[in-house]
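What follows is a single structure, written as structure tokens, with notes after it.
2 protein chains.
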Amino acid sequence: MLPQDMLALGTKRSAIRELFEYGKMRKAIVGDDKVYDFSLGNPSIPAPKEVDDAITELVQNGDSVLLHGYSSAQGDANVRKTIADYLNATHGTKFNADNLYMTCGAAASLCISLRALLLKDEEVIVFAPFFPEYVVFVEGQGGKAVVVPPTKTFQPDLEAFEKAISDKTKAVIINSPNNPSGVVYSEETIIAIADILKRKSEELGREIFIIADEPYRELVYDADTVVPYITKYYDNTLVCYSYSKSLSLPGERIGYILVPDEVFDSKNVYASVCGAGRSLGYVCAPTMFQQVVAKCCGKTGDISAYKKNRDLIYNGLTELGYECVKPDGAFYLFVKALEEDSNAFCERAKAHDLLVVSGDGFYCPGYVRISYCVSEKTIIDSMPAFKALSEEYKK
Amino acid sequence: MLPQDMLALGTKRSAIRELFEYGKMRKAIVGDDKVYDFSLGNPSIPAPKEVDDAITELVQNGDSVLLHGYSSAQGDANVRKTIADYLNATHGTKFNADNLYMTCGAAASLCISLRALLLKDEEVIVFAPFFPEYVVFVEGQGGKAVVVPPTKTFQPDLEAFEKAISDKTKAVIINSPNNPSGVVYSEETIIAIADILKRKSEELGREIFIIADEPYRELVYDADTVVPYITKYYDNTLVCYSYSKSLSLPGERIGYILVPDEVFDSKNVYASVCGAGRSLGYVCAPTMFQQVVAKCCGKTGDISAYKKNRDLIYNGLTELGYECVKPDGAFYLFVKALEEDSNAFCERAKAHDLLVVSGDGFYCPGYVRISYCVSEKTIIDSMPAFKALSEEYKK
């Protein structure tokens with residue numbers, strides 16, 4: 206007798222992975238350039254040169270035993286200091302090494318934070334549309350996900366948010382720039398969320414935490430787009446960061462959790478994070494990549510390629526009559542399906558070898574996600590297929 | 206209100222880490238060469254040259270997007286095939302890529318396996334002495350650890366083992382070569398354990414799994430020492446492996462879980478492993494190091510250094526009158542304390558700047574663990590201190 210929840214999670218693959226595997230199979234049949242695979246959020250630009258230079262330098266000149274040996278569970282102290290200094294210089298904050306806990310990437314950051322905070326059956330609020338694995342992570346750590354339905358702009362529905370807060374609410378996950386909508390939550394939104402949380406915390410007599418999931422922070426494309434740094438608006442904020450997207454290192458599993466001093470009972474929250482990491486089997490974050498990201502603080506891959514892609518696909522699809530909110534960041538476009546049932550729409554797209562992900566999984570039916578972290582050519586070549594698909598619906 | 210179990214785990218550091226931090230502080234005061242730090246199981250020999258060569262080659266010639274991108278959750282298919290082939294050539298087994306699930310090291314392998322197998326409050330049997338984090342991992346995944354007390358040879362107490370099996374037993378952890386005793390469980394022992402499990406499984410009408418935790422498999426020092434490959438003796442065996450010790454890569458977090466076809470309901474156990482990995486936030490094992498270990502299959506660091514250390518410290522201490530079982534493998538010596546209270550003994554050792562870990566944490570009071578993955582010089586220089594310590598007890 207196996208735990209049925211684990212078995213179900215392992216048997217029923219995520220819809221995104223399923224589609225990606227289908228794409229691989231289909232490409233083998235009709236050719237790579239005939240399948241327009243917009244399924245995965247896997248960065249398509251190489252890591253910046255600084256990453257490979259750092260690796261080569263560390264391997265050539267580093268002490269092997271230190272380089273590949275255990276770091277402390279929190280992560281190398283110098284690495285954490287470097288990251289704190291970078292954050293302070295960028296955001297005008299006052300963090301230090303002891304506010305940071307290095308992790309094996311964003312998923313680890315989230316699971317560890319949730320395990321560190323949640324008592325059994327406490328609730329975590331998520332704003333639709335959102336990354337489907339949030340529910341897996343929350344439930345895996347003993348909590349319950351409470352979904353706030355989407356608005357048309359994909360900025361959070363503040364009224365519904367306030368109503369969703371209960372005497373079991375422990376945390377709210379904020380993901381901006383957002384997967385799958387590409388929307389950046391405005392400063393106004395962040396201030397409003399913070400105000401509601403302060404009021405409700407007092408009213409309910411309980412601390413409520415924001416968990417800011419920020420792997421896309423650096424991926425914004427317009428000069429006037431500002432991604433508010435949430436710790437400056439709300440004290441009880443933990444930041445979960447990953448270098449997966451900014452440095453194009455998603456497979457290397459490297460990121461961190463930031464627990465500012467302003468967090469209520471900060472030292473104990475940090476200790477609980479350390480305990481949760483132990484309990485989940487995270488001994489330390491990969492040590493060589495700890496050094497690599499410290500050496501590459503503030504660097505990114507060539508993000509201009511994503512901006513070009515965004516403009517190409519957003520302009521192309523809106524010209525064809527598709528409806529979507531223009532994404533400010535990340536590398537996703539969230540498009541209204543041409544029929545109510547977005548799963549059915551995805552199936553019809555598939556017949557044109559257009560692989561897009563149904564919004565149902567993101568708790569936002571009627572939409573589809575297009576990951577535009579692909580080659581420019583894929584976008585250009587896909588336009589006739591998008592055109593043919595939309596024309597089908599006009600018949 | 207934070208979860209008190211996580212807070213406790215994060216606040217109360219492991220005794221080993223505590224001692225290690227003390228050692229660092231003490232070295233800063235009296236000098237590196239005046240402190241004989243035998244606390245940590247951190248490999249002291251560098252990774253084999255092949256590791257750094259593989260990294261350099263991958264970074265120079267690999268496609269950055271593929272090299273650092275996500276692999277499938279199970280791990281790269283070619284990497285898994287290479288490892289399966291290596292295991293088959295070494296042990297005469299018939300594994301294939303689909304029996305393997307790549308992980309972020311041994312702790313991840315154990316936590317994922319336990320989460321994949323355990324229903325709430327099911328029991329996992331461990332043989333003392335054992336690595337203290339086993340209890341953390343078992344409890345973290347909702348199970349209960351049941352401890353079988355040690356014998357004088359540190360081979361498992363088979364009678365006590367049989368008595369410990371109940372209608373809640375789901376798994377037994379076997380760790381050989383053993384941390385902290387260095388003992389290798391004989392083939393006779395493995396056969397006896399398998400026989401008992403087969404009998405009790407039938408009697409209780411439930412499947413019981415062996416979880417073989419094998420990070421020290423390659424670290425054995427005598428020509429006649431054989432470490433039985435447990436899947437050949439007992440069908441329901443999952444192997445949790447890590448390259449931490451064999452390739453001296455403990456910080457890089459890379460290992461695997463092996464689920465042989467012979468395991469009961471094998472496909473579902475594997476699926477449950479995949480589900481557990483998702484639930485705990487393990488997206489994939491670090492991708493570049495997946496490639497590195499595939500290129501270094503069967504290689505090890507220069508293990509002869511550990512053998513030399515073992516002989517030096519074993520002979521040195523027994524000549525001084527200390528009692529211990531000669532270790533066949535790993536890099537630990539488990540020595541009888543010179544008084545009943547091994548914590549008190551450790552404190553007295555500390556006064557001589559000898560840092561050894563009390564057996565209490567390993568569920569084996571009256572002993573201390575000496576990690577001899579240190580420089581030869583440390584061992585030689587420490588002998589006068591060990592002598593002075595033993596003489597203190599003769600007064």
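Quick note, the sequences are listed as chains A and B, same order. Quick note: the first sequence uses the numbering used here, first residue 206, plus one each step. Quick note: the second sequence uses the numbering used here, first residue 206, plus one each step. Idealized CB from N, CA, C, for every residue including glycine. As the structure is a computational prediction, the values presented were derived from the model and not from experiment.
Q: Tell me whether residue 459 of chain B sits in a helix, a strand or coil according to DSSP, three-state version.
A: By one-based count along the second sequence, residue 459 of chain B stands at place 254. The answer is coil: DSSP assigns residue 459 of chain B none of H, G, I, E or B.
Q. Just how far apart, CA to CA, sit residue 267 of chain B and residue 494 of chain B?
A. As a first step, residue 267 of chain B must be located in the second sequence, where it is residue number 62. As a first step, residue 494 of chain B must be located in the second sequence, where it is residue number 289. So the two alpha carbons sit approximately 13 angstroms from each other.
(Q) Do residue 446 of chain A and residue 424 of chain A count as a contact pair if the criterion is CB distance below 8 angstroms? (A) Position 219 of the first sequence, counting from 1, holds the residue named residue 424 of chain A. Position 241 of the first sequence, counting from 1, holds the residue named residue 446 of chain A. Not a contact, by the Cβ cut-off of 8 angstroms.
Q: Return helix, strand or coil for residue 358 of chain B, following the three-state DSSP convention.
A: Numbered from its first residue, the second sequence carries residue 358 of chain B at position 153. Coil at residue 358 of chain B, not helix or strand.
Q | Through-space distance from residue 536 of chain A to residue 421 of chain A, alpha-carbon basis | A | Here residue 421 of chain A refers to the residue found at position 216 when the first sequence is read from its first residue. Here residue 536 of chain A refers to the residue found at position 331 when the first sequence is read from its first residue. C-alpha separation (whole angstroms): 8 angstroms.
Q: Would you grab the beta carbon distance between residue 248 of chain A and residue 578 of chain A for me? Rounded to a whole angstrom, and I think it's under 8 angstroms.
A: Along the first sequence, one-based indexing puts residue 248 of chain A at 43. Along the first sequence, one-based indexing puts residue 578 of chain A at 373. Sure, about 6 angstroms apart at Cβ, within 8 angstroms.
Q.
Need the endpoints of the alpha helix (DSSP H) that residue 393 of chain A sits in, please.
A. By one-based count along the first sequence, residue 393 of chain A stands at place 188. Its alpha helix (DSSP H) spans residues 392-409.
Q. Given a limit of 8 angstroms on CB to CB distance, which residues of the region 223-255 of chain A reach chain B?
A. 245, 247, 248, 249, 250, 251 and 252
Q.
Measuring only the C-alpha atoms, how far is residue 546 of chain B from residue 534 of chain B?
A. The residue labelled residue 546 of chain B in the question sits at position 341 within the second sequence. The residue labelled residue 534 of chain B in the question sits at position 329 within the second sequence. Rounded to whole angstroms, residue 546 of chain B to residue 534 of chain B spans 27 angstroms at the Cα level.
Q) DSSP beta-bridge partners for residue 308 of chain A? A) Taking the first sequence and counting its residues from 1, the one referred to as residue 308 of chain A is at position 103. According to DSSP, residue 308 of chain A bridges with A:460.
(Q) Using a Cβ-Cβ distance cut-off of 8 angstroms, determine whether residue 505 of chain B contacts chain A. (A) Residue mapping note: residue 505 of chain B aligns to position 300 of the second sequence, counting from 1. So, not an interface residue.
Q. Hey, out of A:515, A:525, A:208 and A:554, whose CA is closest to residue 324 of chain B's CA?
A. Locating residue 324 of chain B in the second sequence gives position 119, where the first residue counts as 1. Considering only alpha carbons, the answer is A:208.
Q | Against chain B: residues of the region 444-456 of chain A by CB proximity under 9 angstroms | A | 449, 452, 453, 454, 455 and 456
(Q) Can you give me the C-alpha to C-alpha distance between residue 427 of chain B and residue 508 of chain B, rounded to a whole angstrom? (A) Taking the second sequence and counting its residues from 1, the one referred to as residue 427 of chain B is at position 222. Taking the second sequence and counting its residues from 1, the one referred to as residue 508 of chain B is at position 303. Cα-Cα distance, rounded: 11 angstroms.
**Q.** Residues in the region 326-342 of chain B having any Cβ partner in chain A nearer than 8 angstroms
**A.** 338, 341 and 342
**Q.** Unbroken beta strand (DSSP E) run spanning residue 414 of chain B, endpoints
**A.** Residue numbering aside, residue 414 of chain B sits at position 209 when the second sequence is read from its first letter. 414-418 is the extent of the beta strand (DSSP E) around residue 414 of chain B.
**Q.** Alpha-carbon spacing of residue 541 of chain B relative to residue 518 of chain B, whole angstroms
**A.** Looking up residue 541 of chain B in the second sequence gives position 336. Looking up residue 518 of chain B in the second sequence gives position 313. Computed Cα separation, rounded: 14 angstroms.
Q | Run of the alpha helix (DSSP H) containing residue 445 of chain A, from where it starts to where it stops | A | Numbered from its first residue, the first sequence carries residue 445 of chain A at position 240. Unbroken run through residue 445 of chain A is the beta strand (DSSP E), 442-447; no alpha helix (DSSP H).
Q. What residues match up with residue 425 of chain B in a beta bridge as DSSP calls it?
A. Residue 425 of chain B sits at position 220 when you count from the first residue of the second sequence. DSSP, once it has assigned bridges, lists B:534 as partnering residue 425 of chain B.
Q) Which residues, taken in chain order from the region 267-289 of chain A, show a beta carbon closer than 7 angstroms to some beta carbon of chain B? A) 269, 270, 273, 274, 275 and 276
Q: Quick one: list the residues of chain B neighbouring residue 206 of chain A, beta-carbon separation under 7 angstroms, in chain order.
A: As a position in the first sequence, residue 206 of chain A is number 1, starting the count at 1. In chain order: 324.
Q: Give the DSSP-derived three-state secondary structure of residue 574 of chain A in the structure shown.
A: Translated into positions along the first sequence, residue 574 of chain A becomes position 369. If DSSP states are grouped into helix, strand and coil, residue 574 of chain A belongs with the strands.
Q. Whose Cβ in chain A lies nearer than 7 angstroms to the Cβ of residue 307 of chain B?
A. Numbered from its first residue, the second sequence carries residue 307 of chain B at position 102. By Cβ distance, chain A contributes nothing, its closest Cβ being about 11 angstroms from residue 307 of chain B, past 7 angstroms.
Q) Which whole-angstrom value describes the C-beta separation of residue 435 of chain B and residue 415 of chain B, a residue pair presumed to lie in contact below a C-beta threshold of 8 angstroms? A) As a first step, residue 435 of chain B must be located in the second sequence, where it is residue number 230. As a first step, residue 415 of chain B must be located in the second sequence, where it is residue number 210. Sure, about 6 angstroms apart at Cβ, within 8 angstroms.
Q) Taking the DSSP output, what are the residues bridged to residue 539 of chain A? A) By 1-based counting over the first sequence, the position of residue 539 of chain A is 334. A:574, per the DSSP bridge assignment.
Q) Which of the three DSSP states, helix, strand or coil, is assigned to residue 523 of chain B? A) On the second sequence, residue 523 of chain B is found 318 positions in, with the first residue counted as 1. In this structure, residue 523 of chain B counts as helix in the three-state DSSP scheme.
Q. Going by the CB atoms, is the gap between residue 275 of chain B and residue 456 of chain A shorter than 8 angstroms?
A. Taking the first sequence and counting its residues from 1, the one referred to as residue 456 of chain A is at position 251. Taking the second sequence and counting its residues from 1, the one referred to as residue 275 of chain B is at position 70. Cβ distance < 8 angstroms, so residue 456 of chain A and residue 275 of chain B count as in contact.
Q: Output yes or no for whether 8 angstroms exceeds the beta carbon distance between residue 211 of chain B and residue 484 of chain A.
A: On the second sequence, position 6 is the one that residue 211 of chain B refers to. On the first sequence, position 279 is the one that residue 484 of chain A refers to. Taking 8 angstroms as the Cβ cut-off, residue 211 of chain B and residue 484 of chain A qualify as a contacting pair.
Q) Comparing the C-beta of residue 315 of chain B with each C-beta of chain A, is any distance below 8 angstroms? A) On the second sequence, position 110 is the one that residue 315 of chain B refers to. Cβ-Cβ to chain A under 8 angstroms: yes for residue 315 of chain B.
Q. From which residue to which residue does the alpha helix (DSSP H) around residue 374 of chain A run?
A. Position 169 of the first sequence, counted from the first residue, corresponds to residue 374 of chain A. Where residue 374 of chain A is concerned, there is no enclosing alpha helix (DSSP H), although the beta strand (DSSP E) it sits in stretches over 374-379.
Q | C-alpha distance - residue 599 of chain A paired with residue 378 of chain A, whole-angstrom precision | A | For the purposes of this step, residue 599 of chain A is identified with residue 394 of the first sequence, where counting begins at 1. For the purposes of this step, residue 378 of chain A is identified with residue 173 of the first sequence, where counting begins at 1. Going by the C-alpha atoms only, they are around 39 angstroms apart.
Q: Report the neighbours of residue 489 of chain B on chain A: residues whose CB is nearer than 8 angstroms to its CB, in chain order.
A: Here residue 489 of chain B refers to the residue found at position 284 when the second sequence is read from its first residue. Chain A residues near residue 489 of chain B: 456 and 458.
Q | chain A within 8 angstroms of residue 413 of chain B, Cβ atoms only | A | Working through the second sequence from its first residue, we reach residue 413 of chain B at position 208. No, residue 413 of chain B lies away from the interface with chain A (no Cβ there is under 8 angstroms from its Cβ).
Q. Nearest-angstrom Cα distance between residue 512 of chain B and residue 465 of chain A?
A. The count along the second sequence starts at 1 and reaches residue 512 of chain B at position 307. The count along the first sequence starts at 1 and reaches residue 465 of chain A at position 260. For residue 512 of chain B and residue 465 of chain A, the distance between alpha carbons rounds to 47 angstroms.
Q: Would you give the residue range spanned by the beta strand (DSSP E) that residue 332 of chain A belongs to?
A: Reading the first sequence from its first residue, position 127 is the one you call residue 332 of chain A. Element bounds for residue 332 of chain A: 328-332.
(Q) Less than 8 angstroms between CB atoms is the rule here; does residue 484 of chain A satisfy it with respect to chain B? (A) As a first step, residue 484 of chain A must be located in the first sequence, where it is residue number 279. Taking Cβ atoms only, chain B reaches closer than 8 angstroms to residue 484 of chain A, which makes this a yes.
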